[in-house]
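Residue numbering for the sequence shown follows our numbering, starting at 54 and increasing by one per position.
We put the CB at the ideal spot given by N, CA and C, even for glycine.
Since the structure is predicted, the reported quantities are computational estimates derived from the model, not experimental observations.
These notes concern the structure reproduced below.
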Amino acid sequence: MNTQGTKAPEDTGSAPPAPGIFPAGAELFRLDARVAHLNHGSFGAVPVPVARAQRRIAAEAAADPDAFFLGAPDRLAAARTRIAHRLGADPRGLALVTNATEAAHLALAALRLAPDDEVLVTDHGYGTVVAAAARRARTVTVRLDPALPDEEAVRRTVLAALTPRTKVALLDQISSPTARIVAGPALLEELAARGVTTVVDGAHAPGMLADPLGGRPDVWFGNLHKWGYAPPGSAVLAVAPALRDRVPAPVPSWEDHRGYPRSVEYRATADYTGPLAAPEGLDLLAELGAGAVREHNSALAAYGCELLAGLPGVTPLPSDARLAMRSLRLPERFARTRPEADALREEIMARLGCRVLVWPWEGGGGIRISGQIYNRPAEYERLTRGVRSLLDGR
Numbered sequence: 054m055n056t057q058g059t060k061a062p063e064d065t066g067s068a069p070p071a072p073g074i075f076p077a078g079a080e081l082f083r084l085d086a087r088v089a090h091l092n093h094g095s096f097g098a099v100p101v102p103v104a105r106a107q108r109r110i111a112a113e114a115a116a117d118p119d120a121f122f123l124g125a126p127d128r129l130a131a132a133r134t135r136i137a138h139r140l141g142a143d144p145r146g147l148a149l150v151t152n153a154t155e156a157a158h159l160a161l162a163a164l165r166l167a168p169d170d171e172v173l174v175t176d177h178g179y180g181t182v183v184a185a186a187a188r189r190a191r192t193v194t195v196r197l198d199p200a201l202p203d204e205e206a207v208r209r210t211v212l213a214a215l216t217p218r219t220k221v222a223l224l225d226q227i228s229s230p231t232a233r234i235v236a237g238p239a240l241l242e243e244l245a246a247r248g249v250t251t252v253v254d255g256a257h258a259p260g261m262l263a264d265p266l267g268g269r270p271d272v273w274f275g276n277l278h279k280w281g282y283a284p285p286g287s288a289v290l291a292v293a294p295a296l297r298d299r300v301p302a303p304v305p306s307w308e309d310h311r312g313y314p315r316s317v318e319y320r321a322t323a324d325y326t327g328p329l330a331a332p333e334g335l336d337l338l339a340e341l342g343a344g345a346v347r348e349h350n351s352a353l354a355a356y357g358c359e360l361l362a363g364l365p366g367v368t369p370l371p372s373d374a375r376l377a378m379r380s381l382r383l384p385e386r387f388a389r390t391r392p393e394a395d396a397l398r399e400e401i402m403a404r405l406g407c408r409v410l411v412w413p414w415e416g417g418g419g420i421r422i423s424g425q426i427y428n429r430p431a432e433y434e435r436l437t438r439g440v441r442s443l444l445d446g447r
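Shown next, in the form of structure tokens:
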């Protein structure tokens with residue numbers, strides 16, 4: 054891990070060396086060419102071959118609904134096995150779900166928390182996931198300074214917040230706004246040694262990390278539609294053997310008697326085209342060369358970060374070379390609240406034609422950019438020029 058973060062260059066007007074173009078990367082997507090899509094981390098984008106596979110599956114369902122839905126449970130199980138192979142997971146412990154937020158609710162329900170149980174979360178956690186824990190138990194929030202220098206500093210801060218009442222630690226594997234590794238293997242192993250149940254929000258991990266289930270938490274979940282090139286509505290939930298029988302079915306169905314994971318992933322008459330096409334996304338990533346894609350995407354995000362860091366008052370947060378996202382703090386007068394952050398995000402789109410994430414933080418929020426094989430260095434240069442003008446105008 055880069056323990057010093059991304060160094061901000063002096064504002065000399067000279068740009069750092071630009072990464073190359075990923076061969077045929079942009080041609081794999083049907084994104085609006087007028088927009089610089091620098092926010093892959095929020096919703097992802099579906100490659101053309103995966104979208105084509107999903108349409109073929111939809112055509113099967115339309116041609117013979119009886120055959121499709123009667124065969125759906127077995128087809129879902131086969132898709133799950135392919136996905137588990139790509140993720141290095143046990144297919145018996147993996148269930149197909151629609152997204153990480155749903156998975157968080159199922160995971161927390163399986164823990165059967167009492168209102169006075171204590172769940173440790175951080176202030177970098179995803180809002181809906183943290184809220185799901187707060188509905189069931191007492192939450193204790195660890196304050197993680199965005200400028201903490203490295204993963205080890207994060208580990209020490211989280212461990213220092215434990216109390217004898219801590220029953221569960223609900224942690225982001227990669228924090229959404231600040232693009233930081235939080236639930237790394239060393240922290241997970243230490244929490245397990247202290248008897249704390251670990252629940253990991255790995256929304257960004259599949260496709261971005263070589264070993265997304267590293268550290269083997271008790272419960273882990275992740276989206277496939279972000280970095281795994283799957284259609285929307287494709288996510289996975291991985292549960293340790295001792296907890297599998299406790300995971301409730303989101304919709305009771307004819308597969309309930311089969312138990313986890315089939316009772317979780319079959320929901321009677323529903324749209325299964327996304328999860329059934331999801332293995333195609335991970336297969337495409339493998340065909341492109343997963344390591345090469347990760348390296349390229351990280352280099353793009355680092356390039357954009359270095360450009361933005363040259364702007365007055367913009368400070369890069371410590372980063373990790375494994376990640377295809379980078380986050381930077383904006384001057385104090387920007388994005389102090391959620392409405393301010395949302396307004397700035399929309400202003401950047403309206404004036405610059407750039408999609409980014411703007412996150413709120415007390416004392417001034419930040420901007421997060423992503424790198425994906427469809428992006429080009431010129432898009433980050435365009436964003437930087439535009440953000441400079443926005444900063445100068447205020």
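Beta-ladder partner(s) of residue i, from DSSP
i	result
residue 423	378
residue 276	288
residue 149	289
residue 408	90
residue 227	234
residue 259	262
residue 191	171
residue 250	221
6 Å Cβ shell around residue i - same chain, five flanking residues per side excluded
i	result
residue 250	221 and 271
residue 293	271
residue 150	156, 288 and 290
residue 9	This structure does not reach residue 9, given that the chain is present from 54 up to 447, and the question cannot be answered.
residue 5	This structure gives no information on residue 5, because the portion of the chain shown stretches from 54 to 447.
residue 326	107, 110 and 111
residue 148	290, 314, 317 and 318
residue 413	388, 390, 391 and 394
residue 424	350, 353, 354 and 377
residue 121	113 and 114
residue 178	225
residue 54	Since pLDDT at residue 54 reaches only 34, below the 50 mark, its modelled position is unreliable, and the value read off the structure follows with that caveat. 203, 204 and 373, listed in sequence order.
residue 181	154
residue 124	none
residue 133	144, 147 and 149
residue 170	190 and 220
Whole-Å CB distance - residue i paired with residue j, under 8 Å assumed
i	j	result
residue 408	residue 88	6 Å
residue 129	residue 328	6 Å
residue 469	residue 190	No information on residue 469 is available, as it lies outside the stretch 54 to 447 that the chain covers here.
residue 172	residue 223	6 Å
residue 282	residue 337	5 Å
residue 229	residue 258	That pair is no contact at about 12 Å.
residue 241	residue 268	3 Å
residue 208	residue 239	6 Å
residue 444	residue 365	7 Å
Closest by C-alpha distance to residue i, when choosing among the options
i	options	result
residue 212	336, 108, 236 and 261	236
residue 202	427, 373 and 430	373
residue 431	76, 182, 80 and 90	90
residue 76	341, 240 and 264	341
residue 422	260, 232, 330 and 323	232
residue 343	381, 360, 83 and 260	260
residue 263	419, 118 and 345	345
residue 284	257, 296 and 332	332
residue 273	253, 282 and 244	253
residue 37	142, 175, 135 and 198	Here the chain comprises residues numbered 54 to 447, so residue 37 is not present and cannot be evaluated.
residue 417	286, 405, 234 and 199	199
residue 401	384, 441, 385 and 386	441
residue 143	324, 266 and 415	266
residue 375	365, 234 and 125	234
residue 159	170, 339 and 185	185
residue 405	248, 383 and 439	439
Close beta carbons around residue i, own chain, < 7 Å, minus the five adjacent residues each side
i	result
residue 95	410
residue 381	358, 361, 362, 367, 368, 369, 370, 419 and 420
residue 385	416 and 417
Same chain, Cβ closer than 8 Å to residue i, neighbours up to 5 away in sequence not counted
i	result
residue 306	316, 319, 320 and 321
residue 298	312 and 313
residue 195	173, 174, 175, 176, 210, 211 and 214
residue 92	408, 409, 410, 421, 422 and 423
residue 165	299
residue 446	none
residue 193	171, 172, 173, 174, 214, 216 and 219
Could you tell me which whole beta strand (DSSP E) segments of length 3 or greater appear in the region 322-408? 378-382
Which runs of the beta strand (DSSP E) spanning at least 3 residues fall entirely within the region 298-325, listed in chain order? none
Mind listing, in chain order, the continuous beta strand (DSSP E) runs of no fewer than 3 residues lying wholly within the region 93-169? 147-150
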